[in-house]
Amino acid sequence: MGTEVVLVAGLVEHDVAEEVWRAAAGSVLVRHDLSGLAEGVVRRWVDGELTVLELAHGCVSCTLRLDLLPLLEQLGGRVVVHLDPALEPEAVCYALRKIDVRIEAVITVVDRGTWLTDATGEDTLAERGMGAAAGDERTVAQVVVGQAEFADALVLTGAGGGPVLDAVLDRLSPRAPRQDRHALNLPALMAAIPHDARRGRFDDGFGTLLPGQPPLDSAHGVGIVHFVDRRPFHPARLHRALDVLLEGVVRSRGRLWVASQPDSALWLESAGAGLAVGNLGPWLAAVDDWSGATAQRRAAAAATWHPHYGDRSQELVMITVSASPDEITAALRDALLTDEELALVDELQFADPFAEWHDEMEEL
Numbered sequence: 005m006g007t008e009v010v011l012v013a014g015l016v017e018h019d020v021a022e023e024v025w026r027a028a029a030g031s032v033l034v035r036h037d038l039s040g041l042a043e044g045v046v047r048r049w050v051d052g053e054l055t056v057l058e059l060a061h062g063c064v065s066c067t068l069r070l071d072l073l074p075l076l077e078q079l080g081g082r083v084v085v086h087l088d089p090a091l092e093p094e095a096v097c098y099a100l101r102k103i104d105v106r107i108e109a110v111i112t113v114v115d116r117g118t119w120l121t122d123a124t125g126e127d128t129l130a131e132r133g134m135g136a137a138a139g140d141e142r143t144v145a146q147v148v149v150g151q152a153e154f155a156d157a158l159v160l161t162g163a164g165g166g167p168v169l170d171a172v173l174d175r176l177s178p179r180a181p182r183q184d185r186h187a188l189n190l191p192a193l194m195a196a197i198p199h200d201a202r203r204g205r206f207d208d209g210f211g212t213l214l215p216g217q218p219p220l221d222s223a224h225g226v227g228i229v230h231f232v233d234r235r236p237f238h239p240a241r242l243h244r245a246l247d248v249l250l251e252g253v254v255r256s257r258g259r260l261w262v263a264s265q266p267d268s269a270l271w272l273e274s275a276g277a278g279l280a281v282g283n284l285g286p287w288l289a290a291v292d293d294w295s296g297a298t299a300q301r302r303a304a305a306a307a308t309w310h311p312h313y314g315d316r317s318q319e320l321v322m323i324t325v326s327a328s329p330d331e332i333t334a335a336l337r338d339a340l341l342t343d344e345e346l347a348l349v350d351e352l353q354f355a356d357p358f359a360e361w362h363d364e365m366e367e368l
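In terms of the numbering used here, the sequence shown is residues 5 to 368.
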């Protein structure tokens with residue numbers, strides 16, 4: 005029998021994982037403390053029993069690979085995993101794909117009083133004393149936004165946030181049911197999760213950037229900018245334009261087509277003042293064999309195929325709270341190749357700052 009897992013994430017201190025554990029007889033509660041990870045020490049509790057682990061290499065992936073994965077295989081049944089505050093559930097689910105595990109749900113706890121400030125700020129985890137290991141350069145914004153975005157359900161604690169926070173969560177995680185911690189009804193919350201919710205699944209980066217049909221109209225100053233175009237970006241101008249995404253924007257996600265790398269789709273992701281750019285792999289127009297692409301990607305490419313560019317295109321989605329949507333759109337449009345540059349694109353030599361970024365920013 006495989007293992008059925010509920011992941012409970014959140015930067016704030018909470019007892020939601022314990023409540024999920026108590027709600028189902030026979031469940032096992034697992035919790036890790038990664039505060040000593042830089043020294044190669046991890047503390048792990050299983051139903052309250054502490055084990056101190058010493059790892060030769062203090063890193064998150066080592067903790068998952070050497071402890072959590074074999075532990076879940078050993079336990080079987082239903083396991084509630086209370087994630088360390090610095091862990092993002094998407095990364096954990098990516099690791100869990102290697103074993104016989106079914107993700108029943110990902111629940112994220114959101115602190116109304118601090119979440120918006122964290123999600124639009126520039127503090128790093130290390131500055132908060134929460135870095136998962138030496139060299140962890142992630143920002144608090146990247147963590148809290150990723151935790152909420154990947155959730156199948158949200159539990160809200162504390163006071164504050166108001167309609168602005170609600171409007172952001174409506175757009176960041178539109179299908180996730182939400183409940184207040186003080187009125188938490190776990191059976192009702194779990195039952196409200198849509199049958200086709202993510203439940204730990206992730207796409208290849210070529211899926212829809214507007215999952216769950218979020219409201220596209222603005223509300224309480226919160227809006228969505230959806231930028232699409234069928235010409236490449238000038239790499240240097242795009243590099244400068246990205247500053248517009250680092251203030252007043254909760255989340256940016258999207259695929260980039262840069263003139264200096266015509267065969268590669270680049271992935272952009274930002275949260276608050278933290279931004280990363282990585283390589284998704286080739287556009288289908290650049291390869292002869294499509295067998296490695298998902299059926300959904302092949303269908304989407306065929307539906308929008310351009311006779312010259314194929315499936316190459318720009319598509320970015322930004323959730324804004326105080327940034328100007330018009331300024332964002334104008335900055336991105338100004339970074340596209342001009343008609344004159346496009347006519348000479350095969351002859352031009354472009355300095356490519358994204359090639360230099362790749363090693364240090366390929367993942368959040």
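Every residue, glycine too, gets a C-beta built ideally from N, C-alpha and C. Bear in mind the structure is a predicted one, so any value in this text is a computation, not a measurement.
Ile197: not part of any beta strand (DSSP E); DSSP gives it neither H nor E. Membership of Leu91 in any beta strand (DSSP E) is not indicated, and neither H nor E is assigned to it by DSSP. Residue burial annotation: Ser222 is exposed, with fewer than 16 other C-beta atoms found within 10 angstroms of its C-beta. Between Arg255 and Leu176 the beta-carbon gap is near 6 angstroms, inside 8 angstroms, which marks them as a contact.
DSSP, reduced to helix, strand and coil, places His310 within a strand of the structure shown. With respect to the C-alpha of Ala306, the residue from Ala289, Met322 and Glu319 having the closest C-alpha is Ala289. Judged by DSSP in its simplified three-state form, Phe206 adopts coil rather than helix or strand. Distances from the alpha-carbon of Ala269 to those of Asp127, Thr67 and Ser317 put Ser317 closest.
The way I'd put it, the region 15 to 24 does touch the region 187 to 197; three or more beta-carbon pairs between them come closer than 8 angstroms. Judged by pairs of C-beta atoms under 8 angstroms, the region 343 to 362 touches the region 235 to 254, as three or more such pairs exist. Counting only residues of its own chain and dropping the five nearest sequence neighbours on each side, Phe210 has a CB closer than 6 angstroms to the CB of Arg301.
Phe154 counts as buried, since no fewer than 16 other beta carbons sit within 10 angstroms of its beta carbon. One thing to note: Gly150 has its Cβ within 8 angstroms of the Cβ of Glu94. Every beta strand (DSSP E) stretch that sits fully inside the region 283 to 332 and reaches 3 residues is listed by chain position as 318 to 324. Residue burial is scored here from C-beta neighbours: Phe206 has fewer than 16 other C-beta atoms within 10 angstroms and is therefore classed as exposed.
Of the residues Asp338, Arg48 and Val83, the one whose Cα lies closest to the Cα of Arg106 is Val83. Beta bridge pairing from DSSP links Ser268 with Pro286. About 17 angstroms separates the CB atoms of Val110 and Thr161; that is not less than 8 angstroms, and the two are not in contact. Taking C-alpha positions only, Val9 is separated from Lys102 by approximately 14 angstroms. In this structure, the straight-line span from the alpha carbon of Asp330 to that of Leu246 is close to 14 angstroms.
Nearest in C-alpha terms to Gly135, of all of Leu169, Pro89 and Leu120, is Pro89. In this structure His61 is exposed. Its beta-carbon is surrounded by fewer than 16 other beta-carbon atoms within 10 angstroms. By the Cβ neighbour-count rule, Asp51 is exposed, with fewer than 16 other Cβ atoms within 10 Å of its own. In terms of Cβ geometry, Leu169 and Leu120 form a close pair [threshold 8 angstroms]. In this structure, DSSP gives Ser65 a helical state, which the three-state scheme calls helix.
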